[in-house]
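Below is one structure, written out as structure tokens; comments come after it.
Numbering (our numbering), first residue to last: 2 to 146.
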């Protein structure tokens, strides 16, 4: 059985392949520009994961200045974003360093995401979910195996 660490490495590698990264960079009329999965594409990635992994839910990361700065997928005690799989303490430590701010994890609020200009384009979500389904067939999340 695959470990969480091994799955995390495979997931990060898959996420950064040209085929998958092109989904993030594809543009349709009205699309917002994303620069990376963790710089504009976090909600897209988190939503695809939350819809693909039974029992998963969206969580948001707040900084002292911004009430919703990042969106992650939470499944059981695991938090997933483009940088891999973390414990709660691990994701908070990483976000504290990245943002140079004391971060907290909160329930995801779609209204707050809209206000703070965090988007999930439907066409990109559809394409990502198709590719993610194939990845998860070949690499089931360890608690789902």
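Glycine included, every Cβ here is placed at the ideal spot set by N, Cα and C. None of these values were measured; they are calculated from a predicted model.
Residue(s) in a DSSP beta bridge with residue i
i, result
"residue 58", "75"
"residue 1", "Absent from the structure is residue 1, since the part of the chain shown begins at 2 and ends at 146."
"residue 85", "82"
"residue 37", "40, 41"
Span separating the alpha-carbon of residue i from that of residue j
i, j, result
"residue 127", "residue 60", "21 Å"
"residue 73", "residue 92", "9 Å"
"residue 24", "residue 88", "28 Å"
"residue 42", "residue 95", "17 Å"
"residue 146", "residue 6", "Residue placement at residue 146 is poorly supported in this model, since its pLDDT is 47, which falls under 50; the coordinates are not used for a value here."
"residue 134", "residue 116", "30 Å"
"residue 39", "residue 9", "15 Å"
"residue 13", "residue 83", "6 Å"
"residue 139", "residue 53", "13 Å"
"residue 26", "residue 11", "21 Å"
Of the residues the options, the one placed nearest residue i, counting alpha carbons only
i, options, result
"residue 21", "56, 144, 130, 142", "130"
"residue 101", "66, 13, 25, 11", "66"
"residue 137", "78, 118, 50", "50"
"residue 97", "46, 141, 37, 71", "71"
"residue 57", "44, 79, 39, 38", "79"
"residue 64", "86, 106, 81, 85", "106"
Assumed close pair residue i, residue j - CB separation to whole angstroms, cut-off 8 Å
i, j, result
"residue 62", "residue 104", "5 Å"
"residue 113", "residue 69", "5 Å"
"residue 46", "residue 119", "Between residue 119 and residue 46 the Cβ distance is about 12 Å, and since that is not below 8 Å, they are no contact."
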